[in-house]
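J.: Plus 5 on top of the position in the sequence shown (first one is 1) and you've got this note's numbering.
Idealized CB from N, CA, C, for every residue including glycine.
The structure presented is a predicted model; accordingly, all values stated were derived computationally and were not measured.
To start, I am sharing the structure in question, which I have written as structure tokens.
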Amino acid sequence: MKRKLLLTLTCLLVTTIASVQAKEKPLKIGYANLEYIISQLPDTKRAQAEYKSFEKQVKNKIEAKLLEFQEKLQAIQKGYENMTDEVKKQKETELRQIQTDLQEIESESQQSLTDKQVALFKPVYEKIQQAVQRVAKEKEYTHIFNTDGEGMSVLLYAAEEYDVSELVLRKLGINPADIQSKKTDTVPNKAATAKTK
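What follows is the structure in structure tokens.
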């Protein structure tokens with residue numbers, strides 16, 4: 006009796022779940038290679054150029070402080086033998102202060118580089134996110150995954166027909182056909198290369 010009741014309840018549960026799923030919208034999953042999309046955007050190229058310029062300024066600031074430290078150290082080393090103990094202590098204190106300043110500048114620089122990178126690339130990521138959302142709504146995708154995790158992909162397998170990367174690029178105003186033609190323009194013609202050999 007218990008087995009029959011359990012079997013009946015199980016069948017009822019399976020039937021209920023199947024009918025609920027049939028009434029709901031079916032899953033439609035797509036994927037996109039965000040690294041590829043990011044690399045094609047003019048906004049990315051501008052952000053990278055601005056970041057490199059900022060990074061150079063930061064490095065110059067660190068190098069200037071390092072040069073100051075090295076010059077003071079050399080000056081102290083040259084006259085160290087002839088200095089009084091009080092002057093030696095004063096010069097050592099100066100060196101320690103410059104070294105501390107240098108460490109602070111390096112630490113602050115690393116933080117400012119991180120902050121600058123976030124500030125420059127956040128609008129790019131937001132723009133891509135909005136385009137992905139528009140593609141998902143227009144094409145009725147229920148989920149879109151990222152496939153460019155550098156060995157840590159969120160998606161382990163997907164059929165190529167569900168790749169929405171080019172749809173996202175179109176939403177961002179970039180024609181994927183133009184990208185392909187640029188690639189083929191830079192690759193030498195194999196037939197022409199074979200004739201010249």
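#1: So, helix, strand or coil for Y146, using DSSP?
#2: What three-state label does DSSP hand D168 in the structure shown?
#3: Does the beta-carbon distance from T152 to K33 come in below 9 Å?
#4: Helix or strand or just coil, what does DSSP make of N38?
#5: Using the beta-carbon count (16 or more within 10 Å), is A69 buried or exposed?
#6: Against chain D, with Cβ distances strictly below 9 Å, would I184 count as a contact?
#7: Looking at F74 and the ligand ADP, is the gap between the Cβ and the nearest heavy atom below 8 Å?
#8: Would you tell me roughly how many angstroms separate the C-alpha atoms of V173 and R51, rounded to the nearest one?
#9: Would you kindly report the start and end of the unbroken alpha helix (DSSP H) that includes E73?
#10: What does the alpha-carbon distance come out to for the pair T98 and I149?
#11: Helix, strand or coil for N87 per DSSP?
#12: Where D168 and Y130 are concerned, what is the direct C-alpha to C-alpha distance, given to the nearest angstrom?
#13: For K176, count the other beta carbons within 10 Å of its own beta carbon; 16 or more makes it buried, fewer makes it exposed. Which is it?
#14: Just to check my reading of the structure: I43 and F74 have Cβ atoms closer than 8 Å, yes? What is that Cβ distance to the nearest angstrom?
#15: Could you tell me if N87 is buried or exposed, where buried requires 16 or more neighbouring beta carbons within 10 angstroms of its beta carbon?
#16: Straight-line CA distance for Q79 to Q62?
T.: The answer reads as follows:
#1: coil
#2: strand
#3: no
#4: coil
#5: exposed
#6: Here chain D cannot be found, since the structure has a single protein chain.
#7: No copy of the ligand ADP appears in this structure; indeed no ligand is present at all.
#8: 20 Å
#9: P47 to G84
#10: 59 Å
#11: helix
#12: 19 Å
#13: buried
#14: With a Cβ gap of about 39 Å, I43 and F74 do not count as contacting.
#15: exposed
#16: 26 Å
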